[in-house]
Amino acid sequence: MVLSDVDIAQAHTLEPITDIADRAGIDPAALTLFGNTKAKVDITQLVDSPANGKLILVTGISPTPAGEGKSTVLIGLSDAMTRLGHKAAAALREPSQGPVMGIKGGAAGGGYSQIVPMEDINLHFTGDFHAIAAANNTLAALIDNHIHQGNDLNIDPRRVSWQRCLDVNDRALRNVNTGLGGPAHGIPRETGFTITAASEIMAVLCMATDLEDFKQRVRDITIGFTYDNQPVTAGQLGAEGALSALMIDALNPNLVQTLGGTPAYIHGGPFANIAHGCNSLIATRVALQHADIVLTEAGFGSDLGAEKFFDIKARYGNLDVNGAVIVATIRSLKYNAGVPLDELKEENLEALKEGVSNLARHVSNTQQFGVTPVVALNLFTSDTVAEREFMREWAKGFQVPLAEVNVWAEGGAGAEDLARAVVDNLRSGSTPLYDPQLGIEKSIETIAKRIYRAGEVEYSPRARKDLAMIKANGWDKLPVCISKTQYSFSDNPRELGAPAGHTLHIRELLPRTGAGFVVVLTGDVMTMPGLPKKPAADNIDITADGKISGLF
10 MVLSDVDIAQ
20 AHTLEPITDI
30 ADRAGIDPAA
40 LTLFGNTKAK
50 VDITQLVDSP
60 ANGKLILVTG
70 ISPTPAGEGK
80 STVLIGLSDA
90 MTRLGHKAAA
100 ALREPSQGPV
110 MGIKGGAAGG
120 GYSQIVPMED
130 INLHFTGDFH
140 AIAAANNTLA
150 ALIDNHIHQG
160 NDLNIDPRRV
170 SWQRCLDVND
180 RALRNVNTGL
190 GGPAHGIPRE
200 TGFTITAASE
210 IMAVLCMATD
220 LEDFKQRVRD
230 ITIGFTYDNQ
240 PVTAGQLGAE
250 GALSALMIDA
260 LNPNLVQTLG
270 GTPAYIHGGP
280 FANIAHGCNS
290 LIATRVALQH
300 ADIVLTEAGF
310 GSDLGAEKFF
320 DIKARYGNLD
330 VNGAVIVATI
340 RSLKYNAGVP
350 LDELKEENLE
360 ALKEGVSNLA
370 RHVSNTQQFG
380 VTPVVALNLF
390 TSDTVAEREF
400 MREWAKGFQV
410 PLAEVNVWAE
420 GGAGAEDLAR
430 AVVDNLRSGS
440 TPLYDPQLGI
450 EKSIETIAKR
460 IYRAGEVEYS
470 PRARKDLAMI
480 KANGWDKLPV
490 CISKTQYSFS
500 DNPRELGAPA
510 GHTLHIRELL
520 PRTGAGFVVV
530 LTGDVMTMPG
540 LPKKPAADNI
550 DITADGKISG
560 LF
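See below:
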């Protein structure tokens, strides 16, 4: 019988988190314990030391319903590094309840390559998402109250851009009316909800370096505009103190462990298709200060999370990415060639030859940032000898290192070849793709043409107005965070493989002046996802003795 992920996690005997902290080199005085298996690391209690660890970014090919296992490979790779004698650590994002209850599942790995306690991490964990929602929605309440109580700042209710958030996929909340019921209940206006992972408070948490930096970034958040089109900030409302007080514990990274006993810092959880897709800068720096090798990830492929890691997180955090891993599967490459999901188990070399163009694009994209990537071929039992041999020969011809991994079944032992290949290809000197000082249009064009291979960029009338507003307020030199479907290099999720020459359609631009970038909405992407017809929540249950089942 094949055990489920949650069954494997529940059968594992976890080490006390104090032992994991000792292995990581974390001072016991800096730990705030959440039971025996989770802890927060109080960054104010850590000795400030150089972040000398080597940073390895794990990304992947364009995701498919066949599954790639990016987080699973990262976790197994971190255990492989530990097995080979390196002082390693993993630094990942926290799972959102939206995908956990939706279709994608959590982000704590799978099989014998997991971060534990799996149930806690995938559900409430240490409450960081709740704190972010509380801070976000407190700011929303302060805005509406200010308008109701006389509106000294002259805020135009029609131009309030700040939305409430909820960590649930709920399409019914995308567009709502508030303040209904008469004068005692506020000023009626149209607004909506964003999923917590896409909230600017989430982005500020992930970009901040400490409490004071967090407070300043909250002050800088643009919440809307006045009747005479002047921006209004959270600082003008005096909101930064209350919001920072709500976030004081959430600012500290969470420490847990892999099944192999490697320390894992789980902190922050922005999506990469509608946000910047990277875990917190604070957690990454703590990991780099205490480990020789740090494995981190960015959501989805090189066109989304990885690009934003180099161009936003690494730029602001002054991080040097020393290596990269691109996770691929034979199944997903065949899917990128148009093979139906129910036929992926059948050998199909012709489809593999066509679909490998997607992997080639992700490899060349990663190389543009000055990093030598290693391909991790995540194996499935349906992969044939001929298909595996084709991938090895392709890698030789493309001059990219490739290592097969089987971490789902073997844990860290299944990634030792990959670990050796990664260590052999460590370099220094990663670089961002574009210079924001050349202006926002040039930044967007550079990403569109060099990463997406688009032929042109087309702005909607709304986007043109947003562009003018951004330039008028001096925000056009900020980095850009392009919100795009994860399934394609284009903004059309049905264009699989490696499309080129297409048009990138810009729908809207949203200044995120606290986070320090401009969100660029493309195609039909939504900042509040919806649940599928058969949500994962249907399979989740709990017994009378508190044992959870159905998580994956």
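Position in the sequence shown (from 1) plus 9 gives the number in our numbering.
Even glycine gets a Cβ: it sits at the ideal position worked out from N, Cα and C.
- For a cut-off of 8 Å, the C-beta gap from V527 to P520 is around 5 Å, short enough to register as a contact.
- Checking the DSSP bridge columns, you'll see E199 partnered with N186.
- With a cutoff of 8 Å on beta-carbon distance, G270 and T27 are scored as not near each other.
- When rounded, the separation of the alpha-carbon atoms in R183 and A428 is 43 Å.
- Looking from the CA of T381, the closest CA among N331, A412, G364 and I339 belongs to N331.
- By the neighbour-count definition (other C-beta atoms within 10 Å, threshold 16), Y274 is a buried residue.
- Per the coordinates, the alpha-carbon of G379 lies some 6 Å from the alpha-carbon of T440.
- Counting along the chain, the unbroken beta strand (DSSP E) around K63 starts and ends at K63 to G69.
- With 16 or more neighbouring CB atoms inside 10 Å of its own CB, A98 falls in the buried class.
- Within a 10 Å sphere around the beta-carbon of V394 sit fewer than 16 other beta-carbons, which makes this residue exposed.
- Of the other Cβ atoms in all chains shown, fewer than 16 fall within 10 Å of the Cβ of K542; this residue is therefore exposed.
- Annotation: the region 359-418 contains the following complete segments of the alpha helix (DSSP H) (minimum length 4 residues), in chain order: 394-407.
- Following the DSSP letters along the chain, one finds D137 inside the alpha helix (DSSP H) bounded by residues D137 to H157.
- For T218, DSSP records no beta bridge to any residue.
- Segment contact: the region 257-268 against the region 186-204, fewer than three CB-CB distances shorter than 8 Å; contact not assigned.
- Distance from the CA of P410 to the CA of G438, rounded to the nearest whole angstrom, comes to 19 Å.
- Rounded to the nearest whole angstrom, the CA to CA distance from G159 to T205 is 30 Å.
- Pairing R226 with M216 gives a Cβ-Cβ distance under 8 Å.
- In this structure I141 is in contact with S208, their Cβ atoms being roughly 6 Å apart against a cut-off of 8 Å.
- Nearest neighbour of A284 by Cα position, chosen from S71, V213, A463 and A333, turns out to be V213.
- Contact check for S13 and F561: beta-carbon distance about 7 Å, within the 8 Å limit, so the pair qualifies.
- Three or more Cβ pairs closer than 8 Å define a contact, and the region 240-248 falls short of that threshold against the region 120-128.
- One Cα belongs to D137, the other to K49, and the distance between them is close to 11 Å.
- According to the DSSP assignment, T73 belongs to no beta strand (DSSP E), since it is labelled neither H nor E.
- Listed as beta-bridge partners of E467 by DSSP are H514.
- Comparing alpha carbon positions, the residue from T22, A60, D88 and I156 closest to G423 is D88.
- Distances from the CA of P502 to each of N482, T73 and G188 were compared; the closest alpha carbon is that of T73.
- Per DSSP, T205 lies in no beta strand (DSSP E) segment and is marked neither H nor E.
- The beta strand (DSSP E) runs of length 3 or more contained entirely in the region 221-302 are, from start to end of the chain, 231-235, 240-242, 263-267 and 272-275.
- Look at L328 here: in three-state DSSP terms it is coil, with no helix or strand label.
- Taking all protein chains shown into account, T552 has fewer than 16 neighbouring C-beta atoms within 10 Å of its C-beta and is therefore exposed.
- In this structure, the CA atom of T147 is about 36 Å from the CA atom of I29.
- Judged by their CB atoms, A472 and A463 are not nearer to each other than the 8 Å cut-off.
- T27: member of the alpha helix (DSSP H) spanning I26 to A33, first to last residue.
- Counting C-beta pairs with one atom in each stretch, the region 296-308 and the region 52-66 have three or more that are closer than 8 Å, which means they touch.
- The DSSP-derived three-state label of T53 is helix.
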